[in-house]
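A.B. asks: Chains as they are written, first to last, in this note's numbering: chain A, 1 to 192; chain B, 193 to 384. Heads up, the beta-carbon is just placed ideally off N, CA and C, and yes, glycines get one too. If you're wondering where the values come from, they're calculated on a predicted model, not measured in any experiment. One structure, as structure tokens, below. Some questions next.
Number of protein chains: 2
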Amino acid sequence: MQELKDRIVKEGKVLPGNIIKVDGFLNHRIDTELMDHIAEEFGKHFNMDEVTMILTAEASGIALSAIVAHHFHKPMIFAKKAKSDNIEGGLYQSDIFSYTYKKKVTLLVSKEWLSADDKVLIIDDFMANGEAMRGLCDIVNAAGATLVGIGCAVEKGFQGGGDRLRAAGVNLKSLAIIESAEPGNIVFRGED
Amino acid sequence: MQELKDRIVKEGKVLPGNIIKVDGFLNHRIDTELMDHIAEEFGKHFNMDEVTMILTAEASGIALSAIVAHHFHKPMIFAKKAKSDNIEGGLYQSDIFSYTYKKKVTLLVSKEWLSADDKVLIIDDFMANGEAMRGLCDIVNAAGATLVGIGCAVEKGFQGGGDRLRAAGVNLKSLAIIESAEPGNIVFRGED
């Protein structure tokens, strides 16, 4: 998606440790018009008529997911993150490793709101190692629901998380896949 | 807002400890159409033309805020929550007490994205003790920005947070103020 790539090049900051900061429009300050354009783009890649639920993980994926869900008149769920102890019942859960916080966190979704009848599109703002996405896929499976696909705004292709999901047969669409990032030189993967 | 009150009565669950669960439409599973109706309602109470930024705190306020911000073609910021140690520079911060997690958390907003020119509408899904709102007001003040008001979907009136903000002169509009809640009997404050 050219508009998104242009914004990453123009406003993104490359920090040491392969960190790409896009917090001026994607995951701290949110450009809601851009989120709506991203929603439209996802609409070209996924059959939104069959989707019954948008699923994401807190916190930074929620804004994009809410606008995507609203755009296509769908409900959404955000998985909550919790420490692994003291989890109450009635929840689907999946343990993931958070590279941001360097610890294990548990993704939680109430069994009340996700069922075997659901056709789920997972949406997230950013994918690196793909741990959050793997955890959300686990939860979709645990519910017996159908995974329609994963729509991701920005994927760090060089960290491999997206390619592992593709190899596992997941219909993953990332709108900007960054292959390498140095200050002043961000290289994107070619369109598929 | 009658539609919201009806949903609370119909779908809300009152749990011991004055907990009112509305996670089927407001803060876990999100009814995005209802969020848009809430946005319209806020538009009747605040002069959206003057608002330049929607501000909320992660995580459960993000979905509503994103849809409100998009509805009125505004950008939004969500304050991040962090432990108080190890905070990097360039941030507005405010310490609040989280009754949910029973510990102090710090709300953080990058100085890069909020300035003295901003006219800020704070949006949140739920207010009880009002600690998160107080922290967000601190951050607006620290930025030298103007607080237009606070729009809250559900306020637990009996916990006093909202009334403290009103007494301090804040233009706070809550669309459903719960005065008392027992299973099968939720009482709302009359409209102002």
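Within 9 Å of any Cβ in chain B, is that where the Cβ of K74 of chain A sits?
C.D. replies: Counted from its first residue, the first sequence places residue 74 of chain A at position 74. Closer than 9 Å to some Cβ of chain B, the Cβ of K74 of chain A qualifies, so yes.
A.B. asks: For L313 of chain B versus I246 of chain B, is the C-beta distance shorter than 9 Å?
C.D. replies: Residue mapping note: residue 313 of chain B aligns to position 121 of the second sequence, counting from 1. Residue mapping note: residue 246 of chain B aligns to position 54 of the second sequence, counting from 1. Against a cut-off of 9 Å, the Cβ pair of I246 of chain B and L313 of chain B comes out as a contact.
A.B. asks: At the level of alpha carbons, what is the spacing between E131 of chain A and G149 of chain A?
C.D. replies: Translated into the one-based positions of the first sequence, residue 131 of chain A becomes position 131. Translated into the one-based positions of the first sequence, residue 149 of chain A becomes position 149. Cα to Cα, E131 of chain A sits roughly 16 Å from G149 of chain A.
A.B. asks: Could I get the ranges of all uninterrupted beta strand (DSSP E) runs contained in the stretch 264 to 349 of chain B, with 3 residues as the minimum, in chain order?
C.D. replies: Those beta strand (DSSP E) runs which fall completely within the stretch 264 to 349 of chain B and span 3+ residues are 268 to 274, 283 to 290, 295 to 302, 311 to 319, 338 to 348.
A.B. asks: Within 10 angstroms of the Cβ of V68 of chain A, are there 16 or more other Cβ atoms? Answer buried if so, exposed if not.
C.D. replies: Reading the first sequence from its first residue, position 68 is the one you call residue 68 of chain A. Classification for V68 of chain A: buried.
A.B. asks: Taking the alpha carbon of D317 of chain B as the point to measure from, which residue in B:R326, B:V206, B:A274, B:N219 has its own alpha carbon closest?
C.D. replies: For the purposes of this step, residue 317 of chain B is identified with residue 125 of the second sequence, where counting begins at 1. The shortest Cα separation from D317 of chain B among B:R326, B:V206, B:A274, B:N219 belongs to B:N219.
A.B. asks: Can you tell which of A:R164, A:M1, A:T106 has the C-alpha that lies nearest to the C-alpha of A224 of chain A?
C.D. replies: A question about residue 224 of chain A goes unanswered here, because the residues of chain A that appear run from 1 up to 192.
A.B. asks: Who are the neighbours of G216 of chain B on chain A, taking C-beta pairs under 8 Å?
C.D. replies: For the purposes of this step, residue 216 of chain B is taken as residue 24 along the second sequence, with counting starting at 1. Under the 8 Å cutoff, chain A gives E112, W113.
A.B. asks: At a cut of 8 Å, does the stretch 142 to 162 of chain A reach the stretch 110 to 120 of chain A through at least three beta carbon pairs?
C.D. replies: Judged by Cβ distances under 8 Å, the stretch 142 to 162 of chain A makes contact with the stretch 110 to 120 of chain A, as three or more pairs qualify.
A.B. asks: Along the chain, where does the beta strand (DSSP E) that runs through T52 of chain A open and close?
C.D. replies: As a working mapping, residue 52 of chain A is identified with position 52 in the first sequence. Careful: T52 of chain A lies outside any beta strand (DSSP E) and carries neither H nor E.
A.B. asks: Should L4 of chain A and A181 of chain A be called a contact, given that it needs their Cβ atoms to be closer than 9 Å?
C.D. replies: Taking the first residue of the first sequence as position 1, residue 4 of chain A is located at position 4. Taking the first residue of the first sequence as position 1, residue 181 of chain A is located at position 181. No.
A.B. asks: Where DSSP assigns a beta bridge to K21 of chain A, which residues make up the other side?
C.D. replies: Translated into positions along the first sequence, residue 21 of chain A becomes position 21. Partner(s): A:K13.
A.B. asks: Excluding the 5 residues flanking E11 of chain A on each side, which residues of the same chain have their C-beta closer than 8 Å to its C-beta?
C.D. replies: Indexing the first sequence from 1 puts residue 11 of chain A at position 11. Only V22, G24, F25 meet the Cβ criterion.
A.B. asks: Quick check on I8 of chain A: buried or exposed, where buried means 16 or more other Cβ atoms within 10 Å of its Cβ?
C.D. replies: As a working mapping, residue 8 of chain A is identified with position 8 in the first sequence. Under this definition I8 of chain A is a buried residue.
A.B. asks: Do you know how far the Cα of L328 of chain B is from the Cα of L364 of chain B?
C.D. replies: To locate residue 364 of chain B, count along the second sequence from 1; it is residue 172. To locate residue 328 of chain B, count along the second sequence from 1; it is residue 136. The straight-line gap from Cα to Cα measures roughly 13 Å.
A.B. asks: Can you pull the chain B neighbours of R29 of chain A, defined as C-beta to C-beta under 7 Å?
C.D. replies: Working through the first sequence from its first residue, we reach residue 29 of chain A at position 29. Within chain B, the residues near R29 of chain A are P267, I269, W305.
A.B. asks: What does a CB cutoff of less than 7 Å around V109 of chain A pick up in its chain, not counting 5 residues either side in sequence?
C.D. replies: Here residue 109 of chain A corresponds to residue number 109 of the first sequence, with the count starting at 1. So the qualifying residues of the chain are I77, A79, L91, Y92, I139.
A.B. asks: Tell me whether the beta-carbon of S366 of chain B lies closer than 9 Å to the beta-carbon of G343 of chain B.
C.D. replies: Here residue 366 of chain B is taken as the residue at index 174 of the second sequence, counted from 1. Here residue 343 of chain B is taken as the residue at index 151 of the second sequence, counted from 1. Against a cut-off of 9 Å, the Cβ pair of G343 of chain B and S366 of chain B comes out as a contact.
A.B. asks: For K205 of chain B, which residues in the same chain have their Cβ closer than 7 Å to its Cβ, ignoring the five residues on either side in sequence?
C.D. replies: Along the second sequence, one-based indexing puts residue 205 of chain B at 13. For K205 of chain B, where only same-chain residues beyond five positions count, the Cβ hits under 7 Å are K213.
A.B. asks: State the DSSP-derived secondary structure class of A176 of chain A, mapped to helix, strand or coil.
C.D. replies: Looking up residue 176 of chain A in the first sequence gives position 176. It is a strand residue.
A.B. asks: Which residues in the same chain as L15 of chain A place their Cβ atom closer than 7 Å to its Cβ, once the five residues preceding and following it in sequence are excluded?
C.D. replies: Counting from 1 along the first sequence, the entry for residue 15 of chain A is found at position 15. Same-chain partners within the cutoff: K21.
A.B. asks: By DSSP, does A251 of chain B sit in helix, in strand, or in coil?
C.D. replies: Position 59 of the second sequence, counting from 1, holds the residue named residue 251 of chain B. Reduced to three states, the DSSP call for A251 of chain B is coil.
A.B. asks: Just confirm the distance between the C-beta atoms of A249 of chain B and K273 of chain B, as a whole number of angstroms; I'd bet it's less than 8 Å.
C.D. replies: As a first step, residue 249 of chain B must be located in the second sequence, where it is residue number 57. As a first step, residue 273 of chain B must be located in the second sequence, where it is residue number 81. The Cβ separation is near 7 Å, so the contact holds.
A.B. asks: Going by beta-carbon coordinates alone, are M240 of chain B and F264 of chain B separated by less than 9 Å?
C.D. replies: On the second sequence, residue 240 of chain B is found 48 positions in, with the first residue counted as 1. On the second sequence, residue 264 of chain B is found 72 positions in, with the first residue counted as 1. Against a cut-off of 9 Å, the Cβ pair of F264 of chain B and M240 of chain B comes out as a contact.
A.B. asks: With H, G and I counted as helix, E and B as strand and the rest as coil, what does DSSP make of F46 of chain A?
C.D. replies: Within the first sequence, residue 46 of chain A is the residue found at index 46, counting from 1. Residue state, collapsed to three classes: coil.
A.B. asks: Distance cutoff 9 Å, beta carbons only. Does V243 of chain B sit that close to anything in chain A?
C.D. replies: Here residue 243 of chain B corresponds to residue number 51 of the second sequence, with the count starting at 1. It does not: the Cβ of V243 of chain B has no partner Cβ on chain A nearer than 9 Å.
A.B. asks: So what does DSSP say about A360 of chain B, is it helix, strand or coil?
C.D. replies: Mapped onto the second sequence, residue 360 of chain B falls at position 168. DSSP places A360 of chain B in coil when its eight states are reduced to three.
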